[in-house]
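Residue numbers (the numbering used here): 1 to 389.
Inspection log for the structure reproduced underneath, given as C-alpha cells.
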C-alpha cells in the first residue's frame with residue numbers, strides 16, 4: 001500500500017505532445033481547480049440543506065468567500081492563453097519549428113474530445129435514468145457534444161453545467177493560432193507587449209461599455225478574451241526574458257500570495273475592478289514563476305499530479321457534487337453552514353480524487369499520447385486480420 005501511494009504521482013504524470021513539461025503550470029492548474037470544486041460543494045451544501053442555517057447565508061462571511069471560487073476559471077483561461085500561444089510565439093520569436101494548423105486542430109480533437117464525450121454521455125444516461133424527458137435532454141446532449149449549447153440555449157447545460165467554460169475554451173482554441181501569429185509577428189518586444197497590453201485594456205473597456213461581461217455575453221469568448229491574452233504576455237516573457245533561467249526573488253512570494261488574495265477581493269464588475277483583474281492575474285503568474293517558496297509548492301509532486309488531472313476533475317466534479325450533496329444534506333451536523341461544509345468537503349474531495357484517478361488513468365491519460373489514433377487503428381487491423389485468417 002505504501003508503495004502504491006509513493007508511486008501514484010508518477011503514474012499520474014502528464015504526457016505532453018511537444019515533450020516539454022512545465023511542472024509549475026500544473027501547479028497553477030491545481031490553484032485553479034481547487035476553489036472551483038470548493039465553490040460547487042458549497043453551493044450544494046446550501047441547496048440541499050435540511051436545516052435553516054444560523055446565521056443566514058446572506059450574512060455569513062464564510063459563505064461569501066466560498067462563493068468566490070469561480071475565480072479559478074479565470075486562472076484556467078490565462079493558462080490556456082499561455083500554453084496555446086507558446087509554440088506559435090516560439091516559432092516567431094525563437095525560430096523553432098512552425099506549427100502546422102492541421103496538426104494543431106487534430107491534436108485538440110484527439111486530446112480533449114474522447115474524455116469529454118465519454119463524461120457527457122455517462123451523465124446523459126444518468127439523467128435519463130432519473131426520468132428527465134428524452135425530448136428535452138437529447139437536443140441538449142447533441143448541442144453539448146458540438147460545443148454549441150451556449151449559443152443555442154444561452155444557458156448552462158443540464159447535462160453538465162460547467163461545460164459552458166469548455167465551449168468558451170473551444171472558441172479560443174479556434175482563434176488562438178491566428179491571434180498568436182498576428183501578435184508575435186511584431187518583431188520589437190516592447191512594441192509587441194505594449195500592443196498586447198493595449199488590446200487587453202481596450203477589450204475590458206469595450207466589454208464594460210457593451211455589458212459583455214454579463215449574461216448572455218458571458219457565455220462567449222468576447223466576455224473573456226482578455227484573460228487568455230494575459231497568457232500571451234506571459235508566454236512572451238517566459239520565452240525571451242527567462243530563456244537563460246529565472247532568478248528567484250523572495251519578495252515575489254509576497255506578490256504572488258497577495259495576488260491570490262486579490263483574485264477573491266476584486267470581483268466587482270465596475271471598470272476599475274475589471275481593469276485591475278488582468279493585472280492581478282499577470283503578477284500572480286509572474287510572481288509565482290520567479291518566487292522562492294511559492295514555486296516550490298507549485299512543483300510539489302502531489303500538487304503537480306492533481307493539477308495534471310484538472311481536466312478530468314473539472315469534467316466530473318459537479319455531477320458528483322450534486323449527487324453527494326443530495327445525500328449529505330439529509331444528515332446535517334449542526335445549523336452552522338461552515339461546520340457542514342467542513343464535514344462534507346474532506347469526504348467529497350477524497351471521493352472525487354479516487355474517481356478522478358480511475359477516469360484519468362483509464363480515459364484521459366491514454367489520449368495524451370498523440371499517436372493513440374494510429375495505434376488504435378493498427379490494433380483493430382491486427383485483430384481483423386487474425387479473425388479473417
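Just so it is clear, CB atoms sit at the ideal spot from N, CA and C, and this is done for glycine as well.
DSSP state of residue i mapped onto helix, strand, coil
| i | result |
| --- | --- |
| residue 28 | helix |
| residue 278 | helix |
| residue 90 | helix |
| residue 35 | helix |
| residue 178 | helix |
| residue 127 | helix |
| residue 216 | coil |
| residue 300 | coil |
| residue 14 | coil |
| residue 292 | coil |
| residue 340 | helix |
| residue 103 | helix |
| residue 186 | coil |
| residue 21 | coil |
| residue 305 | helix |
| residue 7 | helix |
CB of residue i within 8 Å of CB of residue j, strictly
| i | j | result |
| --- | --- | --- |
| residue 248 | residue 304 | no |
| residue 401 | residue 21 | Here the chain comprises residues numbered 1 to 389, so residue 401 is not present and cannot be evaluated. |
| residue 116 | residue 315 | yes |
| residue 144 | residue 159 | yes |
| residue 85 | residue 176 | yes |
| residue 213 | residue 274 | yes |
| residue 370 | residue 110 | yes |
| residue 14 | residue 287 | no |
| residue 124 | residue 137 | yes |
| residue 386 | residue 239 | no |
| residue 87 | residue 99 | yes |
| residue 351 | residue 324 | yes |
| residue 317 | residue 126 | no |
| residue 147 | residue 162 | no |
| residue 361 | residue 11 | yes |
| residue 417 | residue 271 | A question about residue 417 goes unanswered here, because the residues of the chain that appear run from 1 up to 389. |
Nonlocal neighbours in the same chain, by C-beta distance under 7 Å from residue i, ignoring five residues either side
| i | result |
| --- | --- |
| residue 299 | 23, 24, 27 |
| residue 337 | 45, 53, 57, 60, 62, 63 |
| residue 172 | 80, 221, 228 |
| residue 344 | 41, 45, 328 |
| residue 264 | 65, 68, 71 |
| residue 225 | 203 |
| residue 35 | 69, 71, 72 |
| residue 101 | 177 |
Cβ-based neighbour list, residue i, same chain, cut-off 6 Å, excluding 5 preceding and 5 following
| i | result |
| --- | --- |
| residue 9 | 301, 302, 305 |
| residue 74 | 227 |
| residue 276 | 266 |
| residue 313 | 33, 356 |
| residue 78 | 227, 230, 231, 281 |
| residue 289 | none |
| residue 142 | none |
Buried or exposed (CB count within 10 angstroms, at least 16 for buried), residue i
| i | result |
| --- | --- |
| residue 191 | exposed |
| residue 194 | exposed |
| residue 70 | exposed |
| residue 379 | exposed |
| residue 319 | buried |
| residue 285 | buried |
| residue 281 | buried |
| residue 29 | buried |
| residue 129 | exposed |
| residue 295 | buried |
| residue 335 | exposed |
| residue 346 | exposed |
| residue 381 | exposed |
| residue 31 | buried |
| residue 51 | exposed |
| residue 189 | exposed |
Same chain, Cβ closer than 8 Å to residue i, five either side skipped, listed in chain order
| i | result |
| --- | --- |
| residue 164 | 149, 150, 156, 157, 219 |
| residue 339 | 333 |
| residue 210 | 217 |
| residue 186 | 192, 195 |
| residue 283 | 255, 256, 259 |
Where the alpha helix (DSSP H) through residue i begins and ends
| i | result |
| --- | --- |
| residue 159 | Segment: none, residue 159 is in no alpha helix (DSSP H) and carries neither H nor E. |
| residue 312 | 310-328 |
| residue 227 | 225-240 |
| residue 365 | 365-368 |
| residue 383 | 372-388 |
| residue 257 | 250-265 |
| residue 133 | Unbroken run through residue 133: none, as it is neither H nor E. |
| residue 153 | 149-153 |
| residue 68 | No alpha helix (DSSP H) contains residue 68, which DSSP labels as neither H nor E. |
| residue 192 | 189-210 |
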